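Below, the structure written as structure tokens:
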């Protein structure tokens, strides 16, 4: 098999991640399909979760740290009446208090208290590092981990439907909800905290990310099936990694950036300064990262307004 190279497209891929794969699994498969090591993801999805996963390819991998700052939306199912060690259905049930008496009024009141600007304690089984080691690794090694609360914003936490049932004689209530929130918010933690507020315990049984920033499920592509992916990768190797042979469509860098950030087109002189990473005077940028483009429509850099100057955050233009 020919060695993968870093020649190929640069841009973004919006994948509809299937259940059962880690975000790294998706990255690995896309690397094989596109014949490049330069693939990364923005915003991890747990193996049980599905939905929008944004990948950067080629030079666009440098954008990923900025894209992760967008707000996100989810459809989820929360089970009241049982608590798990991971706050989701992948973990062992550690308590079964039952959900008898969990009225719609009480549920909606508790959900309202978890909406807005809140301090949220992340799930212990998360990728947050504690003394250099991932929190989930410490939990799986048998440690008790208690992470500090952090500010997040839950702009929407709405109840869509309710289903009552029993599991092994324990009364449970499954809630279908929709959540819109800032980056860094854990929907598993919302499920846990809702259950704690109601005295029933709670955990997440299903999670589907429907949007990251301006990218939603309508833009997402399904991953080729595993056997098809292998055939396509072999065919691509035989064709010397011809990008046109890929079953995935990469959103080109120039177009992708305009979809993510406010943009400004520069004249030739200003574009030349940006190529050297110099500060620009006389611009008045929005109070956020702004994409700067050359007169030919080529994406050059991300700049931020700092006092009277626009200063570079990341320069992509070769010079």
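Numbering (the working numbering), first residue to last: 1175 to 1493.
For every residue, glycine included, the Cβ atom is placed at its ideal position computed from N, Cα and C.
Here the structure is a predicted model, which is why all the values come from computation and not from measurement.
- In the same chain as residue 1244, and ignoring 5 residues on each side of it, the C-beta atoms closer than 6 Å to its own belong to 1386 and 1387, in chain order.
- C-alpha of residue 1326 to C-alpha of residue 1448: approximately 34 Å in a straight line.
- Here residue 1286 is exposed. Its C-beta has fewer than 16 other C-beta atoms within 10 Å.
- Listed in chain order, the non-local C-beta contacts of residue 1336 below 8 Å within the same chain comprise 1278, 1281, 1347, 1348, 1349 and 1350, local neighbours out to five positions each way being set aside.
- In the DSSP annotation of this structure, residue 1225 is not part of any alpha helix (DSSP H); the continuous beta strand (DSSP E) holding it starts and ends at 1224-1231.
- Contact check between the stretch 1447-1462 and the stretch 1420-1431: fewer than three CB pairs, one atom from each, fall below 8 Å, which does not count as touching.
- The alpha carbon of residue 1246 has as its nearest neighbour, out of 1462, 1443, 1476 and 1382, the alpha carbon of 1382.
- Residue 1364 holds the alpha-carbon nearest to the alpha-carbon of residue 1290 among 1364, 1341 and 1470.
- Rounded to whole angstroms, residue 1194 and residue 1223 show a C-alpha spacing of 8 Å.
- Per DSSP, residue 1369 lies in no beta strand (DSSP E); the unbroken alpha helix (DSSP H) holding it starts and ends at 1361-1372.
- Within the same chain, and ignoring the five residues on either side of residue 1434 in sequence, the residues whose Cβ sits closer than 7 Å to its Cβ are 1241, 1387 and 1388.
- A contact between stretches requires three or more CB pairs, one per stretch, nearer than 8 Å, and the stretch 1259-1275 fails this requirement with the stretch 1197-1208.
- Beta-bridge analysis with DSSP links residue 1182 to no other residue.
- Within the stretch 1207-1271, the complete alpha helix (DSSP H) segments at least 4 residues long are 1238-1241, listed from N- to C-terminus.
- For residue 1432, the three-state secondary structure derived from DSSP is helix.
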